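J.: Residue numbers (our numbering): 3 to 90.
1. Whole angstroms is fine: what's the gap from residue 32's alpha carbon to residue 24's?
2. Is the beta carbon of residue 66 closer than 8 angstroms to that of residue 22?
3. Taking the DSSP output, what are the residues bridged to residue 61?
4. Considering only the alpha carbon of each residue, which of 26, 36 and 29 lies closest to residue 16?
5. Determine whether the beta carbon atoms of residue 42 and residue 56 lie at a separation below 8 angstroms.
6. Less than 6 angstroms between C-beta atoms, sequence neighbours within five positions excluded: which residues of the same chain meet that for residue 30?
7. Cutting at 6 angstroms between CB atoms, please list the residues of its own chain near residue 59, excluding the five before and the five after it.
8. Among the candidates 46, 4 and 39, whose CA atom is the shortest distance from the CA of residue 20?
Dropping the structure here:
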């Protein structure tokens, strides 16, 4: 499977969005929406191209106090969290 096919599979897979939302809640105590999960998913493509150092600022709602929160997330760690959802 080519790199283009892998990236296309990632973008079309809504299970990945759900996995990203759950990962952000579990690991960072932050609630994010589907739009933010989609943005993260698109940026994961860079991790598959070898740029494992890329980070992204994620805005969401703190799961403990309900206030807005921004977390800096390493895209490679999110990639590891969803690897079982990706068909390669």
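The beta carbon of each residue, even a glycine, is placed where N, CA and C say it ideally should be. Just so you know, these numbers come straight off a predicted model, no measurement behind them.
T.: Taking the definition as stated:
1. Residue mapping note: residue 32 aligns to position 30 of the chain shown, counting from 1. Residue mapping note: residue 24 aligns to position 22 of the chain shown, counting from 1. One C-alpha to the other measures close to 9 angstroms.
2. Within the chain shown, the letter at position 20 stands for residue 22. Within the chain shown, the letter at position 64 stands for residue 66. The Cβ atoms of residue 22 and residue 66 lie no closer than 8 angstroms to each other.
3. Start at 1 with the first residue of the chain shown, and residue 61 comes out as number 59. Paired residue(s): 72.
4. By 1-based counting over the chain shown, the position of residue 16 is 14. When only C-alpha atoms are compared, the closest one is 36.
5. Numbered from 1 along the chain shown, position 40 holds the residue referred to as residue 42. Numbered from 1 along the chain shown, position 54 holds the residue referred to as residue 56. By the CB criterion at 8 angstroms, residue 42 and residue 56 fall outside the cutoff.
6. The sequence position of residue 30 within the chain shown is 28, counting from 1. Once the five neighbours on either side are set aside, the close Cβ partners of residue 30 are 73.
7. Within the chain shown, numbered from 1, the residue matching residue 59 stands at position 57. For residue 59, where only same-chain residues beyond five positions count, the Cβ hits under 6 angstroms are 72 and 74.
8. Working through the chain shown from its first residue, we reach residue 20 at position 18. Among 46, 4 and 39, the Cα nearest to that of residue 20 belongs to 39.
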